[in-house]
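**Q** Would you mind keeping the following structure in view while I ask a few things?
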Amino acid sequence: MKKKISLFSHLFIFYFLTSFITFLCVVTFISDHFSLMIFCIGYVSSIFVSSILSYISSKKITAPLENLKIGAKLFASGELKNKLLVPDIHEIGEVVKVMNEVAASLHERIRTIIDQKNKFEAVLSSMTEGVIAIDLNEKIISANPAAKKIFRCLNTEIEGRNLHEVIRYPGLHKFVKTSISSSEPIEEDIISFSVDEQILHTKSAPLKNSEDKINGILIVIDDVTQLRRLENVRRDFASNVSHEIKTPLTAIKGFVETLIHESIDNPDEVNRFLLIIAKHVNRLEAILEDLIRLSRIEKEAEQNEIKFIYANIKEVIFNAVQTCMVKAKASNIAINVHCDEHIFINMDPVLIEQAFFNIIDNAIKYSQKGNEVDISVDSSNNHVIIRFKDNGVGIENKHLARLFERFYRVDKSRSRNNGGTGLGLAIVKHIVQAHGGKVEVNSTIGKGTTFSICLPKLDLNI
């Protein structure tokens, strides 16, 4: 191991040699009886040797100090990986060792902080909930992608800007002010109508610094629009199904009690009562059958139990039309089919026929006598679009968005009189969705309605 020399040793050697040379010069001068030339030569020689020794000693001392200065600048600029060379001078070497240890410690801490920051950002980026940090002056500290998506500012740099500049949600602004003025967590729903109705479930919590002082708030935002809508649909469904079943049950109960407790001698009257009871029983049976059918379709779709085959679309349309022909002829309604004979898609023919039947049956019910129902099929490389157009009474725009909900009716009294259960179009929607397609409706009052079913032609691998 190389032995290190202290700074004191360097200085001691330098001064010792200088003194020794000076001593030699004085001795030479005395021994030569004060010879001026000898004295001058000795004096110049001592100065020269002393200068050389001074230069060597200063280099030995200043070189490590210069390296230490360069290393300190590198550490200050963030270059903490490279270690400084430890010089032979003991005192400077100890300083360099300490600096290397400090640099290694700082490098490890910075790496840990960066790793934690990356993990934190990865968690925030993968969250479906929006997260926004806001300071006490309502300036945005940070926001994750989900928050920017919710507030439609994905391509905008919002950090460091005032909340009011980039997010124009009055409900959120009010919530932020309340949260800043309160030291407790707050939770509430915010409703916005900026584009469509949007319901945001928001939670706030105070942000604290290292001294445990509040310097802002953290807001977590969850878009619950669809969830609240589904909750409303579920409530409506429970209410509607109760009403749909209660109505025929009440009628059946009333007529049965009349037959039991009142003596009716007229056989025709008894027969009329029984026919009414039978009608309501049939209605209850139809509702239950449709509910069971709808439940089965949903279950099979979720569990991938629907059996798809490569079938001809025109044959399925023809079968559905044949089933509706008796009712169509009774109303003198013509059904026209325009479809190529060589269009095949992957489907469950029984389910698709059921969907086609429900739409055609509705078209017949709500069309005037003597009108027509046109069915056309357009085929592309990837999709098949089947359109059902009638010339009936039409549907108001306010009803179109909810038309495929269970038990939703545009004209409740007319629908019941026509024998509808209120589940036909809901069944259509679920059948089409189970096939990876979509169903749409367009309507004009007094001119008719067009239902469009778009089904994929691609192999579903089922």
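Position 80 of the sequence shown, counted from 1, bears residue number 79 in numbering that gives the first Met the number 0, the numbering being contiguous throughout. Think of the CB as a built atom: it goes at the ideal place given N, C-alpha and C, for glycine as much as any other residue.
If you drop the 5 nearest sequence neighbours on each side, which residues of the same chain put their C-beta closer than 7 Å to that of Lys428?
**A** Excluding sequence neighbours, Lys428 sits near Phe403 and Val438.
**Q** Return helix, strand or coil for Gln367, following the three-state DSSP convention.
**A** Three-state result, Gln367: coil.
**Q** Whole angstroms are fine: how far does the CA of Ile394 sit from the CA of Met346?
**A** Approximately 30 Å between the Cα atoms of the pair.
**Q** Ile363 and Val372 look like a contact to me (Cβ under 8 Å); what is the Cβ gap, rounded to whole Å?
**A** At roughly 7 Å, the Cβ-Cβ gap stays under 8 Å, so Ile363 and Val372 are in contact.
**Q** Identify which residue in Glu187, Leu226 and Asn396 has its Cα closest to the Cα of Thr448.
**A** Comparing Cα-Cα distances from Thr448 to each of Glu187, Leu226 and Asn396, the minimum goes to Asn396.
**Q** Any chance you could list the beta strand (DSSP E) runs of at least 3 consecutive residues sitting entirely within the region 204–234, in chain order?
**A** Listed in chain order, the complete beta strand (DSSP E) runs (minimum 3 residues) inside the region 204–234 are 213–222.
**Q** Within 10 angstroms of its Cβ, does Ala146 collect 16 or more other Cβ (buried), or is it exposed?
**A** Classification of Ala146: buried, given that the 10 Å Cβ count is 16 or more.
**Q** Starting from the C-beta of Phe450, find all residues in its chain whose C-beta is less than 6 Å away, skip the five residues before and the five after it, and write them out in chain order.
**A** Same-chain partners within the cutoff: Ile358, Phe387 and Val440.
**Q** Do three or more CB pairs link the region 156–164 to the region 133–146 at distances below 8 Å?
**A** Short answer: they touch.
**Q** At which residues does the beta strand (DSSP E) containing Ser180 begin and terminate?
**A** Careful: Ser180 lies outside any beta strand (DSSP E), inside the alpha helix (DSSP H) at Pro169 to Ser180.
**Q** Starting from Cys453, trace the beta strand (DSSP E) both ways and give me its first and last residue.
**A** Start and end: Gly447 to Pro455.
**Q** Shortest alpha-carbon distance to Glu100 belongs to which of Ser330, Ile166 and Lys80?
**A** Checking every option, the nearest Cα to that of Glu100 belongs to Lys80.
**Q** Using beta-carbon positions only, say whether Tyr407 and Gly391 come within less than 8 Å of one another.
**A** No. Outside cutoff.
**Q** Can you say whether His260 is buried or exposed, counting buried as having 16 or more other CB atoms within 10 angstroms of its CB?
**A** It counts as exposed.
**Q** Tell me the DSSP secondary structure of Asp458 in three-state form.
**A** Caution is warranted here: a pLDDT of 47 is assigned to Asp458, below 50, making its placement in the model unreliable, and the coordinate value is therefore given only provisionally. The answer is coil: DSSP assigns Asp458 none of H, G, I, E or B.
**Q** Note down the Cα distance separating Val94 from Lys72, rounded to an integer number of angstroms.
**A** Their backbone Cα atoms lie some 15 Å apart in a straight line.
**Q** Straight-line CA distance for Ser263 to Ile316?
**A** The sequence given here has Ile at residue 263, not Ser. Distance between the alpha carbons of Ile263 and Ile316: 50 Å.
**Q** Express the C-alpha separation of Gly70 and Leu83 in angstroms, rounding to a whole number.
**A** Their backbone Cα atoms lie some 6 Å apart in a straight line.
**Q** Could you please give me the residues that DSSP links to Tyr309 through a beta bridge?
**A** Paired residues: Asn345.
**Q** Expressed to the nearest angstrom, what Euclidean distance is found between the alpha-carbon atoms of Asp134 and Asn214?
**A** The alpha-carbon atoms of Asp134 and Asn214 are separated by roughly 6 Å.
**Q** So for Asn270, helix, strand or coil by DSSP?
**A** Residue state, collapsed to three classes: helix.
**Q** What is the DSSP secondary structure of Asn441, reduced to helix, strand or coil?
**A** Three-state DSSP puts Asn441 in a strand.
**Q** Where does Ala400 fall in DSSP's three states?
**A** Residue state, collapsed to three classes: coil.
**Q** Flag this pair as touching only if the region 244–253 and the region 219–231 have three or more C-beta atom pairs under 8 Å; answer yes or no.
**A** Not touching, per the Cβ criterion.
**Q** For the putative contact between Ile185 and Ser178, defined by C-beta atoms under 8 Å, what is the C-beta separation to the nearest angstrom?
**A** Between Ser178 and Ile185 the Cβ distance is about 5 Å, and since that is below 8 Å, they are a contact.
**Q** Out of Glu196, Met98, Gln353 and Glu78, which one is the CA nearest neighbour of Leu64?
**A** Among Glu196, Met98, Gln353 and Glu78, the Cα nearest to that of Leu64 belongs to Met98.
**Q** Work out the CA separation of Lys68 and Phe74 for me, nearest whole Å.
**A** Each residue's alpha carbon lies about 10 Å from the other.
**Q** First and last residue of the beta strand (DSSP E) that includes Glu187?
**A** Residues Ile185 to Ser191.
**Q** List in chain order: all unbroken alpha helix (DSSP H) runs of 4+ residues lying wholly within the region 105–157.
**A** If we require 4 residues or more, the alpha helix (DSSP H) runs fully inside the region 105–157 come out as 144–149.
**Q** What number of angstroms, rounded off, separates the C-alpha of Gly445 from the C-alpha of Ala204?
**A** One C-alpha to the other measures close to 55 Å.
**Q** Given a threshold of 16 other Cβ atoms within 10 Å of its Cβ, counted over all protein chains shown, does Gln353 qualify as buried or as exposed?
**A** Its Cβ being crowded by 16 or more others within 10 Å, Gln353 is buried.
**Q** Distance, Cα to Cα, Asn231 vs His382?
**A** For Asn231 and His382, the distance between alpha carbons rounds to 33 Å.
**Q** Would you give the residue range spanned by the alpha helix (DSSP H) that His434 belongs to?
**A** Segment: none, His434 is in no alpha helix (DSSP H) and carries neither H nor E.
**Q** If Val269 sits next to Leu258, beta carbons under 8 Å apart, how far is it from one beta carbon to the other, in whole angstroms?
**A** With 8 Å as the limit, Val269 and Leu258 qualify as a contact, their Cβ atoms being about 7 Å apart.
**Q** Answer with buried or exposed for Asn143, where buried requires no fewer than 16 other C-beta atoms within 10 angstroms of its C-beta.
**A** With 16 or more Cβ atoms within 10 Å of its Cβ, Asn143 is classed as buried.
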